[in-house]
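Residue numbers (the working numbering): 8 to 304.
Glycine residues also receive a C-beta, built at the ideal position from the N, C-alpha and C atoms.
Right, one structure below, let's go through it.
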Amino acid sequence: MPENALKWQTVHPEPERYNFAPADAIAGFAKAHEQRMRGHTFCWHRSLPDWVHQTVTPTNAEAVLTAHISTVASHYRGLISAWDVVNEAIQLEDGQPDGLRNSFWYQMLGPRYLDIAFKAAHKADPDALLCYNDYGLEKDTHYGESKRTAVLALLRGLKQRGIPIHGLGIQSHLRAGDTFGPGLSHFILAVRDMGLSIHITELDVDDSHSTESIADRDGSVAATYKRYLDVVLATRSVSTVITWGVWDSPHVAGATASNGPLAQRALAFGPQGEVKPASWVIAHCFENAQTQKDELF
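Spelled out as structure tokens, the structure:
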């Protein structure tokens, strides 16, 4: 899944110009290696180029949004198997009806921008799996439960209106030491019962707050991966797990009091591609989930 190559600022930098080269390179790699590619994202409150803010109005917003989605989705038809059509539309703190974020597209079109986006994506690529994607759904806190309630209402409304939505993306940006309760399982099952697939889309574990040794940090990250994957995979309802990158970047800083500004060690592999405890834990969780699945039949 490209992190930035398919966001507006990169792929549509000027009103009459699309820049497909970065995403085309990723699509070519995926095809050559027989890998599935996920598209991210058509509607987000960030990464909009200046021209959108300067020229889009409530009068032309639907046409601009629809044209963008149609052009990009059509370009990658048959290459991208799933799209995060709308990203992070819920922001409870904004005080909008149903918890919707007071985003640019909301300001231009109101809540119907979600319907417009999903319909345009489905028309351009009827075979692609279309998802809503969001964060903050993982923990059984008051905030987490409130956001889950808002997301369920959003999904339910889309389904009731006959909007072509097929799945939910749970971003899963975790923090080392996090724990996960039964509310997460219940939420996933509630989404499944709507007839939607569940996707873990941006999985990583932030350890930037740790002041421990690298070995201890790696152990804490791995343990957090295990706690999370044990819960979500036990629902037997998760169809996709994607990490937010493959190996740790030496440029992602996480300042720690005793170790200095060490980079986060948030992903499955180290900065040079070295195997870490998280590598084995993730593989074991997948293997265990497959064994449990096989035992059902």
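Check	Outcome
Anticipated Cβ contact below 8 Å, V93 with A124, distance rounded	6 Å
F276 - partner residues in DSSP beta bridges	W254 and V282
Range covered by the beta strand (DSSP E) that runs through I205	S204 to D213
Contact belief for Y235 with V288 at Cβ below 8 Å, rounded distance in angstroms	With 8 Å as the limit, Y235 and V288 do not qualify as a contact, their Cβ atoms being about 10 Å apart.
Three-way DSSP call (helix, strand, coil) for F111 in this model	helix
C-beta atoms of A197 and V228 nearer than 8 Å	no
Which of helix, strand or coil DSSP assigns to Y150	helix
Own chain partners of T208 with C-beta closer than 6 Å, once the 5 adjacent residues on each side are dropped	N140, G176, Q178 and I249
Residue from P118, W112 and S153 with nearest C-alpha to L191	S153
Neighbour-count burial assignment, T186, 16 or more Cβ in a 10 Å radius	exposed
Outcome for R24 when other beta-carbon atoms lying within 10 angstroms are tallied against a minimum of 16	exposed
C-alpha gap between G280 and G46, whole angstroms	25 Å
N-terminal and C-terminal residue of the alpha helix (DSSP H) that L121 is part of	R119 to A131
Buried or exposed (CB count within 10 angstroms, at least 16 for buried), A34	buried
Helix, strand or coil at D101 [DSSP, three-state]	helix
Rounded C-alpha distance that separates Y150 from L159	14 Å
Cβ-based neighbour list, Y142, same chain, cut-off 7 Å, excluding 5 preceding and 5 following	E95, Q178 and H180
For R119 and P104, the rounded distance between their alpha carbons	12 Å
Counted within 10 angstroms of its Cβ, other Cβ atoms place T148 as buried (16 or more) or exposed	exposed
Under the three-state DSSP convention, the category L116 falls into	helix
Nearest residue (CA-CA) to M115, options V71, L99 and I205	V71
For S220 and A135, the rounded distance between their alpha carbons	44 Å
With 16 other Cβ atoms within 10 Å as the buried cut-off, status of K14	buried
Residue interval of the beta strand (DSSP E) (run including L86)	Run containing L86: none; DSSP gives neither H nor E here.
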